[in-house]
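Heads up, the sequence shown is in my numbering, so the first residue is 282 and it goes up one at a time. Glycine included, each C-beta is placed from N, C-alpha and C at the ideal position. What follows is a set of notes on a single structure, which appears directly below.
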Amino acid sequence: MKKIVLITGATSGFGKAIALKFAENRHKLIITGRRKDRLDELQKQLEQDFKTDVLALCFDVRKSADVEKAIQSLPDEWKAIDVLVNNAGLAVGMGPVHEGVLDDWERMIDTNMKGLLYMTRFVAPLMVARKKGHIINIGSVAGKEVYPNGNVYCGSKFGVDAITKGTRIDLVSHNIKVTQVSPGAANTEFSLVRFKGDQQRADNVYKGFKPLSAEDVAEVVYYTTTLPDHVNIADLVLMPTAQASSMHFHKVQ
Ligand code: NDP
Ligand code: 8X3
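Here you go:
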């Protein structure tokens, strides 16, 4: 059955790969992000390569009024969202808490926690009304174990972990699946964003081992949507084989 799948942060990394994976399987897609040029390009690619219906919505998940407007603007036939992938997120900076940059903290908390909450707040009622749906939150190993200098990013992902559990409890009586997928190190634009455009520093993160790819994560996210109605993956942690915890890597230089 064709599903309507809404993916936040589809302009890059996991979100883009998840969009491609669902399109490959002929589902209808609502792709979102802030970079309109990338959204337009992806929409064209998905429509051409997979002949699937795609709707692109350009907005910032940190702005609750814009999130509400975007969801309200959906034509009725697109409001029957089957799967919401709350993927948009970022790390900004990395350093000890006493030297923390307040603006970096705001961006992480506002995007990773509040943005995810706004999306859920405006999409979940549509699912509740239909008595079906699946919300997939992208957490992180950083939401399972804190690592040095990761303080606020880790905190925001521990927040995602708690919000996912709470959402699952609140929506269980409405027949809505709530899943968290928590990846380890994956080579996307994540580190480039974290290190504010320093490509060399970003590349160093993935030196000496084979990180996850965006496609690896997309494969797992897609898998969680292929199970029978009565089966829900509550929490799934995936890491590169060369990673054992948020701090332990087997690197060969
Ligand atoms: P990328 O930087 O490649 O992608 C991040 C996406 O989030 C982009 O599409 C970006 O779109 C979107 N985004 C960021 N801020 C906003 C915002 N305010 N409003 C709307 N969209 C936004 O990184 P990843 O694909 O790696 O990251 C995706 C998710 O996975 C994040 O939640 C991240 O924390 C998590 N994660 C990443 C891991 C990794 O090692 N890469 C591991 C574990 C979890 P745009 O800029 O166009 O708005
Ligand atoms: C991203 C993975 O380990 O860089 O969430 O925090 S990590």
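With 16 or more other Cβ atoms inside 10 Å of its own Cβ, K458 counts as buried. Taking the CA atoms as reference points, E470 sits about 12 Å from G290.
Our two residues, L517 and N468, have alpha carbons roughly 19 Å apart in a direct line. Secondary structure within the region 282 to 342: the beta strand (DSSP E) runs of 3 or more consecutive residues, fully enclosed, are 285 to 288, 309 to 314 and 335 to 339 (chain order).
For T522, no alpha helix (DSSP H) segment is defined, and its DSSP state is neither H nor E. Closer than 7 Å to some heavy atom of the ligand NDP: that does not describe the Cβ of D516. Around V404, the same chain offers L287, I352, I362 and L365 as residues with beta carbons nearer than 7 Å, after the five sequence neighbours per side are excluded.
When rounded, the separation of the alpha-carbon atoms in D497 and P521 is 10 Å. A direct Cα-Cα distance of roughly 34 Å separates D330 from A346.
Taking the Cβ of N485 as the reference point, every heavy atom of the ligand NDP lies at 7 Å or farther away.
Judged by DSSP in its simplified three-state form, A467 adopts strand.
Distances taken from the Cβ of F471 to the heavy atoms of the ligand 8X3 include one shorter than 7 Å. With a 10 Å radius around the Cβ and a threshold of 16 neighbouring Cβ atoms, N368 comes out buried. Excluding its 5 nearest sequence neighbours in each direction, M389 has C-beta neighbours in its own chain below 7 Å: L371, A372, V373, V433, Y434 and S437, listed in chain order. The C-beta of R402 has fewer than 16 other C-beta atoms within 10 Å across all chains shown, which makes the residue exposed.
By the C-beta density criterion, H415 is buried, having at least 16 other C-beta atoms within 10 angstroms. With 5 Å as the limit, the residues whose C-beta approaches any heavy atom of the ligand 8X3 more closely are S421 and A423, in sequence along the chain. W386 and S421 have their alpha carbons spaced roughly 17 Å apart.
For the beta strand (DSSP E) assignment, the uninterrupted runs of no fewer than 3 residues enclosed by the region 391 to 428 are, from N- to C-terminal side, 414 to 419. In the three-state reduction of the DSSP assignment, V441 falls in the helix class.
In the three-state reduction of the DSSP assignment, D510 falls in the coil class, being assigned neither a helical nor a strand state.
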